[in-house]
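Note that the numbering used here has the sequence shown beginning at 43, numbered continuously upward.
In what follows, a structure is listed as structure tokens, so that the remarks can point back to it.
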Amino acid sequence: YLLGEIQAGRDLESALGAALNRDLSGVYFLDNVDAPLGLMDSTKEQMDVFFRYLTENRRFRRIVIDSSFSVNRGLLSALAAADRIVAVDDGTYTSNLGFHKIWTLFGQLEESEFAGLMKKTSILYNRFHKQYGKRYENTEIEVVGTIDMLPSAGPVQMAAQMAELEVFDEIL
């Protein structure tokens with residue numbers, strides 16, 4: 043919805059008010075099922091406008107994009123506009139292979155409008171199993187931390203457990 047408003051050049055203030063939600067802990071979020079489709083066609087300039095609007099007047103200090111990786115212009119534009127990219131990997135063969143494909147693509151994009159993705163990408167290992175997990179081996183990539191397997195808990199308890207971990211100090 044918001045990306046459509048940006049593309050149409052409409053008033054973002056009222057659009058943001060209609061789309062923004064707040065959870066019980068005070069975290070604001072956009073919960074819009076149409077966003078992935080709108081994102082696919084967004085340009086880097088539109089994403090710059092969107093992020094700049096969200097950070098103007100100290101409205102938001104941090105913007106987190108939680109997304110599965112798919113190759114489309116909009117997501118690449120959002121990543122290019124971002125200050126930092128933190129890829130989450132669990133250390134399994136499948137996860138490391140997926141990250142390797144992303145890293146290889148970022149390398150191929152170094153001569154395009156999406157140059158610079160590699161230098162701002164780091165890895166966070168989540169649900170890393172000490173016995174079976176394996177880190178992706180590449181000295182060019184910063185590892186910001188590892189979150190081991192945590193005990194089962196509900197969403198609020200899990201968020202509380204994760205908030206206590208020092209790894210988030212590295213990311214933020």
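Glycine residues also receive a C-beta, built at the ideal position from the N, C-alpha and C atoms.
Helix or strand or just coil, what does DSSP make of residue i?
| i | result |
| --- | --- |
| residue 199 | helix |
| residue 129 | strand |
| residue 211 | helix |
| residue 149 | helix |
| residue 70 | strand |
| residue 90 | helix |
| residue 123 | helix |
| residue 141 | helix |
| residue 115 | helix |
| residue 58 | helix |
| residue 178 | coil |
| residue 85 | coil |
| residue 205 | helix |
| residue 50 | helix |
Assign residue i to buried or exposed, taking buried as 16 or more other Cβ atoms, counted over all protein chains shown, within 10 Å of its Cβ.
| i | result |
| --- | --- |
| residue 179 | exposed |
| residue 166 | buried |
| residue 196 | exposed |
| residue 117 | buried |
| residue 163 | buried |
| residue 109 | exposed |
| residue 137 | buried |
| residue 47 | buried |
Hey, residue i and residue j: beta-carbon distance below 8 Å or not?
| i | j | result |
| --- | --- | --- |
| residue 151 | residue 127 | no |
| residue 210 | residue 190 | no |
| residue 134 | residue 175 | yes |
| residue 115 | residue 83 | yes |
| residue 72 | residue 62 | yes |
| residue 168 | residue 198 | no |
| residue 113 | residue 147 | yes |
Which residue or residues does DSSP assign as beta-bridge partners of residue i?
| i | result |
| --- | --- |
| residue 164 | 128, 184 |
| residue 63 | 71 |
| residue 190 | 170 |
Within the chosen definition, does the region 84–97 reach the region 110–126 through at least 3 CB pairs nearer than 8 Å?
yes
Task: At least three beta-carbon pairs within less than 8 Å, the region 101–110 to the region 134–143 - done: no
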